[in-house]
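Enquirer: One structure, pasted below without further comment.
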Amino acid sequence: MSDEFVLDAFAWVEYFLGSKRGEKVKGFIEINKCITPTIVIAELSAKYSGDEIDFKNKLKFIKFNTKVMVLSDEIAEAAGKIRINQRKIKKDFGLVDSIIYATALSIHAKVLSGDPHFQDIQETIMI
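Residue numbers for the sequence shown, in numbering that gives the first Met the number 0: 0 to 126.
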């Protein structure tokens, strides 16, 4: 396992809220190598646009403080398989979560999340 951590939208929302969970995320951002998949940027953009909150400064912060990782063909293919397997355990495990998980697996990293979908996944640090 590497010393890198893949942040999902849940982790970023908590960070930007400044919550107790967000404080945990802050610690990882400050001292570790963190990765933000592009699909997470899409999720955050949708959330903040729907809430009519300007996302530009948040996106600048994300890009400055984490490595943004694009969705490759290999990650996309792995995500499809992950989704099928995870749906046997959790019926509502989504494609976005599958992409985040596949991204982490592709670089031997852990997912940093508070999303219950990741709760029983070994490669996850729950906040």
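Think of the CB as a built atom: it goes at the ideal place given N, C-alpha and C, for glycine as much as any other residue. All values reported here derive from a predicted model rather than from experimental measurement.
So the beta strand (DSSP E) Glu3 belongs to, where does it begin and stop?
Expert: Residues Glu3 to Leu6.
Enquirer: Let me know if Asp75 comes out buried or exposed under the rule of 16 or more other beta-carbons within 10 Å of its beta-carbon.
Expert: One detail in the question is off: residue 75 reads as Ala in this sequence, not Asp. By the 10 Å Cβ count, Ala75 comes out exposed.
Enquirer: Per DSSP, what are the beta-bridge partners of Val67 in this structure?
Expert: Per DSSP, Thr35.
Enquirer: Report buried or exposed for Phe63, applying the criterion of at least 16 other Cβ atoms within 10 angstroms of its Cβ.
Expert: By the neighbour-count rule (16 or more Cβ atoms within 10 Å), Phe63 is not buried but exposed.
Enquirer: In the DSSP output, which residue or residues are listed as bridge partners for Leu111?
Expert: In DSSP, Leu111 forms a bridge with Leu6 and Ile124.
Enquirer: Go through its chain and collect everything with a Cβ distance to Lys25's Cβ below 7 Å, but skip five positions before and after it.
Expert: Counting only Cβ-Cβ distances below 7 Å, and skipping sequence neighbours, we find Tyr14.
Enquirer: Under a Cβ-count criterion, where at least 16 other Cβ atoms within 10 Å of its own Cβ denotes burial, should Ala103 be classed as buried or exposed?
Expert: The residue is buried, with at least 16 neighbouring Cβ atoms inside 10 Å.
Enquirer: Using the Cα positions of Gln85 and Ile30, report the straight-line distance between them to the nearest angstrom.
Expert: So the two alpha carbons sit approximately 31 Å from each other.
Enquirer: Whether or not the region 94-108 and the region 47-67 are in contact is what I'm after, with contact meaning three or more pairs of Cβ atoms, one per stretch, closer than 8 Å; do they touch?
Expert: Cβ pair count under 8 Å is below three, so no.
Enquirer: So, using beta-carbon positions, are Phe9 and Asp119 closer together than 8 Å?
Expert: It is not a contact, given that the beta carbons lie outside the stated cut-off.
Enquirer: Using a threshold of 8 Å, state whether the C-beta atoms of Leu6 and Thr35 are closer than that.
Expert: It is a contact, given that the beta carbons lie within the stated cut-off.
Enquirer: Roughly how many whole angstroms lie between the Cα atoms of Ala77 and Ile61?
Expert: Taking the straight line from one Cα to the other gives about 25 Å.
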